[in-house]
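Colleague: For reference, the structure I am asking about is given below.
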Amino acid sequence: MAAIGMIIIFIAPLIMSQDPFAANSANRLLPPSSSHLLGTDHLGRDLLSRIVYGARYTVVTALVIVVISGLIGMSVGFVSATSGGAIDQVFMRFTEWMSAFPSVILAFLFVGIAGPGLLNILIALSLVFWIPIARLVRNTTVRTMQEPYYESAIISGVPYVKRIQRHLIPGVLPQVIVLLALNVGSAMLHIAGFSFLGIGIQPPLPEWGAMLNESRSYFYAAPWLMIVPGMAIFLVVLFWNGLSERMRDEFDQKRGSGL
Numbered sequence: 062m063a064a065i066g067m068i069i070i071f072i073a074p075l076i077m078s079q080d081p082f083a084a085n086s087a088n089r090l091l092p093p094s095s096s097h098l099l100g101t102d103h104l105g106r107d108l109l110s111r112i113v114y115g116a117r118y119t120v121v122t123a124l125v126i127v128v129i130s131g132l133i134g135m136s137v138g139f140v141s142a143t144s145g146g147a148i149d150q151v152f153m154r155f156t157e158w159m160s161a162f163p164s165v166i167l168a169f170l171f172v173g174i175a176g177p178g179l180l181n182i183l184i185a186l187s188l189v190f191w192i193p194i195a196r197l198v199r200n201t202t203v204r205t206m207q208e209p210y211y212e213s214a215i216i217s218g219v220p221y222v223k224r225i226q227r228h229l230i231p232g233v234l235p236q237v238i239v240l241l242a243l244n245v246g247s248a249m250l251h252i253a254g255f256s257f258l259g260i261g262i263q264p265p266l267p268e269w270g271a272m273l274n275e276s277r278s279y280f281y282a283a284p285w286l287m288i289v290p291g292m293a294i295f296l297v298v299l300f301w302n303g304l305s306e307r308m309r310d311e312f313d314q315k316r317g318s319g320l
């Protein structure tokens with residue numbers, strides 16, 4: 062299902078007959094029909110095309126944020142745990158201070174200073190999403206380093222890089238994957254929320270949150286303008302949350318069976 066959705070996102074220009082940016086005043090606020098399966102918006106643009114194209118800005122941007130924050134978080138977490146001492150203490154104090162503020166507030170502050178736009182949203186959310194990942198990696202790595210098999214690897218003279226590859230990454234990766242999958246839905250909600258408030262991805266780009274913002278004035282005349290992007294956000298976030306729960310259950314089963 063996820064693979065099919067990603068394929069549709071990237072081949073959208075080849076399969077969609079309607080231009081998501083083409084306005085036509087003669088087709089304003091048309092209800093769903095055979096020519097426009099999800100209707101049209103206040104500028105006469107095809108809603109289905111805009112939803113499909115908009116996935117690039119809502120879903121793909123969220124995935125990019127998760128990848129960037131995951132790489133930063135894992136790197137910082139490993140360095141902190143394996144370095145110990147002052148480096149680890151500074152990291153812990155910094156992440157505790159950052160965690161005292163909700164991620165949405167920190168991202169809102171950055172966007173408020175840097176200004177709206179796709180790039181600023183990507184940077185802002187990447188800078189706040191890495192923190193819980195780094196804390197998870199750091200804490201899990203510290204526990205793993207206290208295990209007898211890891212201490213034996215040190216005594217045996219196993220190089221630092223190989224110890225990370227053989228012992229630390231396998232112990233951390235399952236939990237990180239679950240958190241990253243959960244973060245996709247969270248990042249989508251942040252992106253859509255900022256765009257809905259007018260400080261995120263800007264029109265005419267068909268980002269789902271921005272589409273919700275544009276359609277507020279037409280809710281009673283054309284309710285599908287809000288229902289469709291709202292349902293798109295709900296279903297995709299639900300999918301990623303469900304996927305993270307399923308992966309967590311599978312990892313717990315494997316851990317319980319000793320695999």
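Everything in the sequence shown is counted per the working numbering, starting at 62 for the first residue and increasing by one.
For every residue, glycine included, the Cβ atom is placed at its ideal position computed from N, Cα and C.
Owing to the predicted nature of the structure, the values given are computational and were not obtained by experimental measurement.
Buried or exposed: which applies to residue 152, given that a residue is buried once 16 or more other Cβ atoms fall within 10 Å of its Cβ?
Modeller: Locating residue 152 in the sequence shown gives position 91, where the first residue counts as 1. With 16 or more other Cβ atoms within 10 Å, it is buried.
Colleague: Fully enclosed by the segment 121 to 205, which alpha helix (DSSP H) runs are 4 residues long or longer?
Modeller: Counting only runs of 4 or more, we get 122 to 144, 146 to 160 and 164 to 175.
Colleague: Just how far apart, CA to CA, sit residue 235 and residue 147?
Modeller: Position 174 of the sequence shown, counted from the first residue, corresponds to residue 235. Position 86 of the sequence shown, counted from the first residue, corresponds to residue 147. In a straight line, the C-alpha of residue 235 is about 28 Å away from that of residue 147.
Colleague: Indicate whether the contact test is met: 3 or more Cβ pairs, each with one atom in the segment 179 to 193 and one in the segment 164 to 171, closer than 8 Å.
Modeller: Taking 8 Å as the limit for Cβ pairs, the verdict is that the segment 164 to 171 does touch the segment 179 to 193.
Colleague: Check each candidate in 117, 96 and 279 and name the one with the smallest Cα separation from residue 107.
Modeller: What you label residue 107 is simply residue 46 of the sequence shown in a count that begins at 1. When only C-alpha atoms are compared, the closest one is 96.
Colleague: Return the CA-CA distance between residue 226 and residue 139, expressed in angstroms with no decimal places.
Modeller: Taking the first residue of the sequence shown as 1, we reach residue 226 at position 165. Taking the first residue of the sequence shown as 1, we reach residue 139 at position 78. Near 11 Å, if we compare the C-alpha coordinates of residue 139 and residue 226.
Colleague: CB-CB under 6 Å to residue 285, same chain, minus the five flanking residues each way: which ones, in chain order?
Modeller: Position 224 of the sequence shown holds residue 285. 100.
Colleague: What's the gap between the Cα of residue 322 and the Cα of residue 245?
Modeller: This structure gives no information on residue 322, because the portion of the chain shown stretches from 62 to 320.
Colleague: If I'm right that residue 289 touches residue 249 with Cβ under 8 Å, what's the distance once you round it to whole angstroms?
Modeller: Your numbering for residue 289 matches position 228 in the sequence shown. Your numbering for residue 249 matches position 188 in the sequence shown. Residue 289 to residue 249, Cβ: 16 Å. No contact.
Colleague: For the candidate residues 109, 102 and 104, whose alpha-carbon lies nearest to that of residue 76?
Modeller: As a first step, residue 76 must be located in the sequence shown, where it is residue number 15. The option with the nearest alpha carbon to residue 76 is 109.
Colleague: Counting pairs of Cβ atoms below 8 Å between the segment 112 to 126 and the segment 264 to 280, do you hit three or more?
Modeller: Yes: at least three Cβ pairs fall under 8 Å.
Colleague: Using 10 angstroms around the beta-carbon of residue 164, count the other beta-carbons present and answer buried if the total reaches 16, otherwise exposed.
Modeller: Sequence index remark: in the sequence shown, residue 164 carries index 103 (1-based). That one is buried.
Colleague: Once the 5 residues before and after residue 84 are set aside, which same chain residues still bring their CB inside 8 Å of it?
Modeller: Locating residue 84 in the sequence shown gives position 23, counting from the first residue. Excluding residues within five positions, the ones whose Cβ falls inside 8 Å are 104, 105 and 106.
Colleague: Measuring only the C-alpha atoms, how far is residue 277 from residue 255?
Modeller: Within the sequence shown, residue 277 is the residue found at index 216, counting from 1. Within the sequence shown, residue 255 is the residue found at index 194, counting from 1. C-alpha separation (whole angstroms): 15 Å.
Colleague: Which two residues bound the contiguous alpha helix (DSSP H) that contains residue 212?
Modeller: Here residue 212 refers to the residue found at position 151 when the sequence shown is read from its first residue. Here the alpha helix (DSSP H) through residue 212 covers 209 to 216.
Colleague: Of all the options 154, 237, 228 and 195, which has the alpha carbon lying nearest to the alpha carbon of residue 208?
Modeller: The count along the sequence shown starts at 1 and reaches residue 208 at position 147. The candidate whose alpha carbon is nearest that of residue 208 is 228.
Colleague: For residue 313, name the three-state secondary structure that DSSP assigns.
Modeller: For the purposes of this step, residue 313 is taken as residue 252 along the sequence shown, with counting starting at 1. Correct three-state label for residue 313: helix.
Colleague: Leaving out five residues before and five after residue 156 in sequence, what residues of the same chain have Cβ atoms less than 6 Å from its Cβ?
Modeller: For the purposes of this step, residue 156 is taken as residue 95 along the sequence shown, with counting starting at 1. If we look at residue 156 and ignore the five residues flanking it on each side, its Cβ neighbours are 192 and 196.
Colleague: Using CA atoms only, rank isn't needed, just tell me which of 79, 102, 81 and 80 is closest to residue 89.
Modeller: One-based indexing of the sequence shown puts residue 89 at position 28. Closest by alpha carbon: 102.
Colleague: With a 10 Å radius around its C-beta and 16 neighbouring C-beta atoms as the bar for buried, classify residue 265 as buried or exposed.
Modeller: Within the sequence shown, numbered from 1, the residue matching residue 265 stands at position 204. Exposed, by the Cβ-count rule.
Colleague: Check whether the Cβ atoms of residue 296 and residue 127 sit closer than 7 Å, and answer yes or no.
Modeller: Reading the sequence shown from its first residue, position 235 is the one you call residue 296. Reading the sequence shown from its first residue, position 66 is the one you call residue 127. Their beta carbons are not under 7 Å apart, which means residue 296 does not touch residue 127 by this criterion.
Colleague: Residue 159 to residue 92, Cα distance in whole Å?
Modeller: As a first step, residue 159 must be located in the sequence shown, where it is residue number 98. As a first step, residue 92 must be located in the sequence shown, where it is residue number 31. Cα to Cα, residue 159 sits roughly 47 Å from residue 92.
Colleague: Identify the continuous alpha helix (DSSP H) that holds residue 275 and give its terminal residues.
Modeller: Looking up residue 275 in the sequence shown gives position 214. First-last of the alpha helix (DSSP H) with residue 275: 269 to 275.
Colleague: Taking residue 161 as the reference, which of 189, 251 and 129 has the closest Cα?
Modeller: Taking the sequence shown and counting its residues from 1, the one referred to as residue 161 is at position 100. The shortest Cα separation from residue 161 among 189, 251 and 129 belongs to 189.
Colleague: Could you tell me which of 129, 262, 111 and 247 sits nearest to residue 305, measuring between CA atoms?
Modeller: What you label residue 305 is simply residue 244 of the sequence shown in a count that begins at 1. Nearest C-alpha to residue 305: 247.
Colleague: In the DSSP assignment, what are the bridge partners of residue 107?
Modeller: Locating residue 107 in the sequence shown gives position 46, where the first residue counts as 1. Beta-bridge pairing links residue 107 to 101.
Colleague: Would you please state the rounded distance, in angstroms, between the beta carbons of residue 201 and residue 176? I believe it to be under 8 Å.
Modeller: As a first step, residue 201 must be located in the sequence shown, where it is residue number 140. As a first step, residue 176 must be located in the sequence shown, where it is residue number 115. That belief does not hold up - the Cβ atoms of residue 201 and residue 176 are roughly 37 Å apart, past 8 Å.
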